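*Asks:* To start, I am sharing the structure in question, which I have written as structure tokens.
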Amino acid sequence: MGDWSFLGEFLEEVHKHSTVVGKVWLTVLFIFRMLVLGTAAESSWGDEQSDFMCDTQQPGCENVCYDKAFPISHVRFWVLQIIFVSTPSLVYMGHAMHTVRMEEKRKMKEAEIEAQEMKNGGDTYYQQKCPVAEKAELSCWDESGGKIILRGSLLNTYVYSILIRTAMEVAFIVGQYILYGIFLETLYICQRAPCPHPVNCYVSRPTEKNVFIVFMLAVAVLSLFLSLAELYHLGWKKAKERCSRSYKPSPSTAPGRLESAPQVERAQMYTPPPDFNQCLSSPNGKFISPFSNKMASQQNTANFATERVHGQEDAAGEGPFIKSSYVESPEVANECAAPTFPENYFNEKPRSSKPSRASSKARSDDLSV
Amino acid sequence: MDWGSLQAVLGGVNKHSTSIGKIWLTVLFIFRIMILVVAAERVWGDEQQDFVCNTLQPGCRNVCYDHFFPISHIRLWALQLIFVSTPALLVAMHVAYTKHEKKRRFRNGEKIDIEELKNEKIHIRGPLWWTYTSSIFFRIVFEAVFMYVFYYMYDGYQMPRLVKCDAWPCPNTVDCFVSRPTEKTTFTIFMLAVSGICMMLNLAELCYLVIKVCMKGSKKTT
């Protein structure tokens, strides 16, 4: 049995940064393709050449007839299929890791700037904070959860990776059909030198092989559907965003506290759900959804900010968490924050020491502030 | 073959590589080592058993197989992967030595934060830059050498279906048939393509490092 652990480990990382549909797709890949291939299909195809019998005693005829019948074995074909179909996810993963790294660098720089400002005196603090916060707002990094948010170029990479994955699936399914058709025949008639005449050759275990061929084909089609569903899901949400944006052009007209609940709800509907719920739900049960919609994110952070300013009562568990996201939002920064925030912001431990690996480890740890 | 130990060693190097170096490592593990282990070894598994010669002369088949396949593709690829991965160990050793030196200075009373030392990301500068660059250079050389060795040993990258053999004790020129030639050709070309990609990545990394140093140098002068 081949060792899939190299690919498996990489895909585990991808699993943590995927949407819900993406995770289902990965699970299907792991269980129904890799595992089945490694455990069952390989033993079924194990004796494919040794038990490929031809009705001839001509030396070499069996070899050449087997080679003609199976230019590439089904098992190897599926191995290549799995690898090529997984590769776009790795590219997305690379981009996500790069984003994480850039964010860590940015945070380190910010911390340095603030440390310097603290030395020079607090007066210049507010002036510095605003431009830095503006830059942060466009990032794909959720400060609070330490998670990657699908937006901007990262979302584009994700969408492209799914498109390429879909194309690969289709290419391999079509390729399999062209090479072998759908079913394997028991009898293969072969005429090729050095066979003296057309020779009957018999394939080993054709029925068992057909069962696995149909199974793997079905799983490939299922994976294709999942990829298309994910694309539709992302595309639909983007279209919805654009529609809602045309009704509400300006983020600066962010409503006050009373409208916070419907805003959050709408943001929930907007987001392609990277499944970061476990990280982002605060101890008090308020759901703060990851944003792919810049406008909704701005409105939400503004709303949380206003809530924060008005009610410090429920601050206990979520205090620093809220504060960090508050500080990152531009509108609030423009308003120039209430005095309490800077202190708490400094109290919060910078995550710069955590290597990029942190983004790939158990997410629940990040929230324990 | 236990490639897990190689992964353990190279995983450490990954931390101190450039982005291109990390991509190279990923390509190495997934497109080369994994393909070798999962697919290619099966394809070449029965290469001698199913090497059939049109003769009843005992020993002729053995001798002909040995004549045409002095070293199997699988073993050559394994050697190639080991040689290509080895220069990265130089970098790992240099980094370990640097950290050891810092610890020694710490023990001698210099004030260094031990936590920071453990988590510190070592930048590729100074002597480490030279080690890193020379490791990439050697990688490129090894890749090129092995690609040439494959070409020279097997007369190109295609696996022939029929080979004609007249080595002793074969009584005359005997037809011998290779097992699964098309599949073997497919994988040979695949591995060649991935070697080429790895070489391109190494060249890109080399250029990136050189350009970075030149730019730093010009910044200092201006």
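If you're matching them up, the sequences are chains A and B in order.
Per full-length UniProt numbering, the very first residue in the first sequence carries number 1; after that it's consecutive.
Per full-length UniProt numbering, the very first residue in the second sequence carries number 1; after that it's consecutive.
Here a beta-carbon is modelled for each residue, glycine too, at the ideal position from N, C-alpha and C.
As the structure is a prediction and not an experimental result, all values here were calculated from the model.
Identify whether E9(A) lies in helix, strand or coil by the three-state DSSP scheme.
*Replies:* helix
*Asks:* Expressed to the nearest angstrom, what Euclidean distance is found between the alpha-carbon atoms of P59(A) and T186(A)?
*Replies:* 22 Å
*Asks:* State the DSSP-derived secondary structure class of M159(B), mapped to helix, strand or coil.
*Replies:* coil
*Asks:* Which residue comes first and which comes last in the beta strand (DSSP E) that contains D175(B)?
*Replies:* V174 to F177
*Asks:* In terms of alpha-carbon separation, which member of K220(B), R32(B) and D175(B) lies closest to Q57(B)?
*Replies:* The shortest Cα separation from Q57(B) among K220(B), R32(B) and D175(B) belongs to D175(B).
*Asks:* Tell me which residue opens and which closes the alpha helix (DSSP H) that I173(A) is part of.
*Replies:* G152 to Y180
*Asks:* For L228(A), which residues in the same chain have their Cβ closer than 8 Å to its Cβ, ignoring the five residues on either side in sequence?
*Replies:* T166
*Asks:* Of all Cβ atoms in chain A, is any one closer than 8 Å to the Cβ of T182(B)?
*Replies:* yes
*Asks:* Going along the chain, which residues of its own chain have a beta-carbon closer than 7 Å to the beta-carbon of P272(A), five neighbours each way excluded?
*Replies:* Reliability of the predicted coordinates at P272(A) is poor, the pLDDT of 48 falling under 50, and the value obtained from them is presented with this limitation in mind. The residues are T19, L150, H233, L234, K237 and S292.
*Asks:* Counting only C-beta atoms, is A78(B) closer than 8 Å to chain A at any point?
*Replies:* no
*Asks:* Nearest to L224(A) by alpha carbon, out of W45(A), I182(A), I162(A) and Y180(A)?
*Replies:* I162(A)
*Asks:* Are the C-beta atoms of S179(B) and some chain A residue less than 8 Å apart?
*Replies:* So yes, S179(B) belongs to the interface.
*Asks:* Do the region 164 to 171 of chain B and the region 58 to 77 of chain B touch if we need at least three Cβ pairs shorter than 8 Å?
*Replies:* yes
*Asks:* Against chain C, which members of the region 16 to 37 of chain B pass a CB distance test of less than 9 Å?
*Replies:* Absence of chain C from the displayed structure is noted, the protein chains being A and B.
*Asks:* Within the 8 Å Cβ cut-off, does S73(A) reach chain B?
*Replies:* yes
*Asks:* Which chain A residues are close to V43(B), counting only those with a beta carbon under 7 Å from its beta carbon?
*Replies:* By Cβ distance, chain A contributes R76.
*Asks:* Based on the DSSP secondary-structure assignment, which residues constitute the bridge partners of C65(A)?
*Replies:* Answer is none; C65(A) lacks a bridge partner.
*Asks:* Can you name, in chain order, every residue of its own chain whose Cβ lies under 7 Å from the Cβ of W130(B), other than the five neighbours on each side?
*Replies:* none
*Asks:* For the pair the region 216 to 223 of chain A and the region 105 to 121 of chain A, tell me if three or more CB-CB distances fall below 8 Å.
*Replies:* no
*Asks:* At the level of alpha carbons, what is the spacing between A96(B) and P127(B)?
*Replies:* 13 Å
*Asks:* Within the 8 Å Cβ cut-off, does W25(A) reach chain B?
*Replies:* no
*Asks:* Would you mind giving the Cβ-Cβ distance between V75(A) and A40(A), rounded to the nearest angstrom? I have them listed as a contact below 8 Å.
*Replies:* Between A40(A) and V75(A) the Cβ distance is about 11 Å, and since that is not below 8 Å, they are no contact.
*Asks:* Output, in chain order, the set of chain A residues within a Cβ distance shorter than 9 Å of N54(B).
*Replies:* Q58, P59, G60 and P194
*Asks:* Between which two residues does the alpha helix (DSSP H) harbouring L25(B) extend?
*Replies:* It spans S19 to V27 - the alpha helix (DSSP H) in which L25(B) sits, taken as one unbroken run.
*Asks:* Rounded to whole angstroms, what is the Cα-Cα separation between F30(A) and G8(A)?
*Replies:* Rounded to whole angstroms, F30(A) to G8(A) spans 8 Å at the Cα level.
*Asks:* Alpha carbon to alpha carbon, how far is Q81(A) from M191(B)? Give it in angstroms, no decimals.
*Replies:* 16 Å
*Asks:* Verify the CB distance criterion: does D55(A) have a CB-CB separation below 8 Å to chain B?
*Replies:* Not flagged as an interface residue toward chain B: D55(A), since no C-beta distance is shorter than 8 Å.
*Asks:* So is R161(B) in contact with chain A if we call contact Cβ pairs under 8 Å?
*Replies:* yes
*Asks:* Beta-carbon within less than 7 Å of residue 377(A)'s beta-carbon, same chain only, minus the 5 sequence neighbours each way: which residues are those?
*Replies:* Residue 377(A) cannot be examined here, being either before or after the span of chain A that is shown, 1 to 369.
*Asks:* Determine, using beta-carbon pairs with one atom in the region 29 to 44 of chain B and one in the region 154 to 166 of chain B, whether at least three such pairs fall under 8 Å.
*Replies:* no
*Asks:* Between the Cα of T188(B) and those of V13(B), W77(B) and G12(B), spot the shortest distance and give me the residue it belongs to.
*Replies:* W77(B)
*Asks:* For chain B, find out if any of its Cβ atoms is closer than 8 Å to the Cβ of L90(A); answer yes or no.
*Replies:* Closer than 8 Å: yes.
*Asks:* If you measure between the beta carbons of T186(B) and I72(A), is that distance less than 8 Å?
*Replies:* yes
*Asks:* Would you call P70(B) buried or exposed, if buried means 16 or more other Cβ atoms sit within 10 Å of its Cβ?
*Replies:* exposed
*Asks:* On the three-state DSSP scale, how would you describe N200(A)?
*Replies:* strand
*Asks:* List, in chain order, every chain B residue whose beta-carbon is nearer than 8 Å to that of I83(A).
*Replies:* I30, F31, M34 and I35
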